[in-house]
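For reference, the structure discussed in these notes is given below.
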Amino acid sequence: MLLRLLRAYISRETLASLLKPLRLVHRKVRTFFLFFKMSQPTSPQSSAPTPPPFDPTRPSIPISYPIKTLEELESRSYFDSFHYPFNKSSVALPSGPSGLPNRPRLLVCHDMAGGYGDDRWIQGGTNPNAYSIWHWYLIDIFIYFSHSLVALPPPCWTNTAHKHGVKVLGTFITEWEEGKLICNKLLSTKESVEMYAERLVELAVALGFDGWLINMEVELELGQIPNLKAFVSHLTQRMHSSVPGSLVIWYDSVTTDGKLNWQDQLNEKNKPFFDISDGIFVNYTWKQNYPKQSAAVAGDRKFDVYMGIDVFGRGTFGGGQWNASVALDMLKNDDVSAAIFAPGWIYETNQPPNFQNAQNHWWALVEKSWGITQNYPTVLPFYSNFDQGHGYHVSVEGEEVSDASWCNISSQSFQPLLLFTDNSTPDGIQVHVDFREASYSGGGNITFKGNLEDNADFTARLFQGDLLLGDLPLHFVYSVKSENNSRLGLFLNFVSTLNKKKSVLLVSWNSNQFSSKFSTVIRTRQLERPGTAPGWVIEESSIRMKGCRLTEIHAVCYRSKPEFDEKIPKSKTSQDNSCAHNSTEYYAVLGHISVKSCGQNSDFPPSDSWLVQGQFIQWTTGSEDSKYLSLKIAWKLKDGNDSAYSTYNIYVEKLAEGKPRGHSYLGVARVEAFYVYDLAVPSDTSTIKFIIQVCGGDGSSQKLDDSPVFLLDTEA
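Below you can see the structure in the form of structure tokens.
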């Protein structure tokens, strides 16, 4: 009611300026209640004792957490934490450190429920519906944001963002009265600002992310501004010298006169901070003419202006939420960059019909407005099992190794560029990433389901690449599971040095229906892989396209003839289905795609090349028939060289008097360490064998019998 009365008597611009300070309060209140809700016990009748305060020096399940005080930052106590080695990202940007493209860019600022939710569990959590982002092909920069002083990006975000070519920044923020006290100490002398800047640089280098967002949302004294400029300048210069291609971005908050006064544009009051950093994140309550005005002020650095868009819609241009693309359209037209703030709105507000569908729909609107910014594959080997980093099972090369629910954004594979279709009554093929259907690898696959007539085909976009091919043939391997005469192939687009396009179709059965549609049709070979679950067919083919660029990979759905079906292994589902071959029902699953140069195979070091140790070994008493073991397993190559691998599957085998009971999957490690917590050990167990299975970038895995191990004698 009050808001309506205000609108009746004052202009929209005046009302926006009056309400501007309240938008920060709104954000803080939302975060407070989310934290309050998360901190409550799940059962009000619980009589469990209050856990002791968090002690980062004590061994425990590895987590990510922020730095909350200047004292912690100054003392470097983070590096003494048990959790520090686990927080290092293990995936570098694919093309190495580099600058940003000279075009409008898309920055995404996380701000989801205060941060450090399911993503804090470095070795993975148990929530199969955990929040994540998977539309990385639309993003240039990702910022991890929380309301703690120093928000360190959990390594899961850095790993998957880097895999997709996206830079990752942490956040340094001061706010409220506590923030003013912090700034009084931070900005007290030129020496203090340089020291704290050095501490931030050290953290980014050690943990492997690419820079900082500086968000100073406090009133300052005019005399503090010179040291604030020195802080930003020193941080920017030291980041550039320590991490080539790194970024320091200034948030539009405090001005050069010390006032906390969001400008909503680049102007003379915040440009001095812009001039000594790599860009400005403009507050999101800007008006229609502000992007052009900001671009004019920025000059040849106009793409370093990131105009904010609040997805929650708090005073943002266009209203945010499902209309966020209104602002994007304007920014693209005005030739500046965009900063999407809090896309977790989709998840936090439970947008219908479900998160998976709503997320795909929302980002499809972003793609329509902004366009694709990242291409892959760009280097070889290229591998994708379409894993989104959560699910209900885990498979390794066709064998299910775990049936437990899980989440771990680090496990995201290269994400397919599936087109979103909002058709509730489909009459064609529907394509989606499936987490319930048994996977060939990881916890996901792409399912194609619907209706398809004989002699018809359906094409679905998978990847948009920019891969220059050399002398060696290109080797494709992919896994398929299908029912009846449903078949699945790959359609590849190449561009020659003369810009001539050539299309190649890989199919397991050649039909005249394809002869006029593709430049070349190649019949694939079926590979035999022992241990692969029934129903999976492994297709393989090689292509020589020297000097050409691979630009697109699509899936092609089609049907084969009944006589050909007799030669194809039938899945269990297919054997139990009595559907006639002339039915139009179509069902096929794509499990993975691997692309590499011929002869480009993983050559895993032999098991005796590794030094494997058990550390922080602790036993606790359980029932009469068991006890519990916690320990850290760490491994490294004996020759002292850094490992070329970034993924390790961890298994355990409990031996009773030397007799094996079979191995069990424990989880995945992204660094050369894994913490085992409260492992139940039967009383008759004599030896515990931990197996570290090394995994290659092409999706291959070392055989368990050849993998490094750590043996623990339970009697000792």
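In this text, residue positions in the sequence shown follow the numbering used here: the first is 108, and each later residue adds one. Even glycine gets a Cβ: it sits at the ideal position worked out from N, Cα and C. Quick caveat, the model's predicted, so the values are computed rather than measured.
Pick from P450, T157, S667, E544 that is closest to F249, judged by C-alpha positions: P450
Inter-residue Cα distance where the pair is T480 and G721: 44 angstroms
Where L818 falls, given that 16 or more other Cβ within 10 Å makes a residue buried: exposed
Every unbroken beta strand (DSSP E) inside the region 703-789 [3 residues or more]: 717-728, 733-744, 754-762, 770-776, 780-789
Reference A751; option with closest CA among A199, I240, Q230: A199
Inter-residue spacing [alpha-carbon to alpha-carbon] between G286 and L256: 8 angstroms
Beta carbon proximity, T456 to chain C, threshold 7 angstroms: The structure shown contains no chain C, having only a single protein chain.
Local Cβ density within 10 Å of S502, reported as buried at 16 or more and exposed below that: buried
CA nearest to the CA of T604, picked from L574, Q344, N368, E305: L574
Cα-Cα separation between G222 and A337, rounded to whole angstroms: 29 angstroms
Whole runs of the beta strand (DSSP E) within the region 326-367, excluding any shorter than 3 residues: 354-358
Supposed close pair L697, S649 - CB separation, criterion 8 angstroms: Not really, about 19 angstroms apart at Cβ, beyond 8 angstroms.
Under 7 angstroms between C-beta atoms of S444 and Y413: yes
For F279, three-class secondary structure by DSSP: strand
Span separating the alpha-carbon of A471 from that of D541: 18 angstroms
One or two residues paired with Q571 in a DSSP bridge: E659
Simplified DSSP assignment, three categories, for Q428: helix
E692 in three-state terms, based on DSSP: strand
Length-filtered (3 minimum) beta strand (DSSP E) runs lying within the region 424-486: 444-448
C-beta contact flag for Y758 and I798 at 7 angstroms: yes
Under the three-state DSSP convention, the category S196 falls into: coil
Rounded separation between E507 and S546 - CA only: 8 angstroms
Simplified DSSP assignment, three categories, for K274: strand
Same chain, Cβ closer than 7 angstroms to F143, five either side skipped, listed in chain order: Because F143 carries a pLDDT of 35, less than 50, the predicted location of this residue cannot be relied on, and no value is offered for it.
Distance CB(V614)-CB(K608) smaller than 7 angstroms: no
Same chain only: Cβ atoms within 8 angstroms of V389, ignoring 5 sequence neighbours per side: D359, Q370, D371, Q372, L373, Y397, S401, V412, Y413, M414, G415, A446
Run of the beta strand (DSSP E) containing Q400, from where it starts to where it stops: Element bounds for Q400: not the beta strand (DSSP E) but the alpha helix (DSSP H), 397-405.
Residue(s) in a DSSP beta bridge with N390: Answer is none; N390 lacks a bridge partner.
Other residues of its chain near K195: CB distance less than 8 angstroms, five sequence neighbours each side excluded: P262, A313, L314, G315, V778
Cβ-Cβ distance between D732 and S790 below 7 angstroms: yes
For H835: DSSP bridge partner residues: With the chain represented from 108 up to 823, any question about residue 835 goes unanswered, as that position is not in the structure.
Nearest to N606 (by Cα), restricted to the options R656, G420, W742: R656
Start-to-end residues for the alpha helix (DSSP H) that takes in V308: 297-314
Residue from G425, T267, N464 with nearest C-alpha to Y244: T267
Coarse secondary structure for H500, derived from DSSP in three states: coil
Bounding residues of the alpha helix (DSSP H) (the contiguous stretch that carries D382): 378-382
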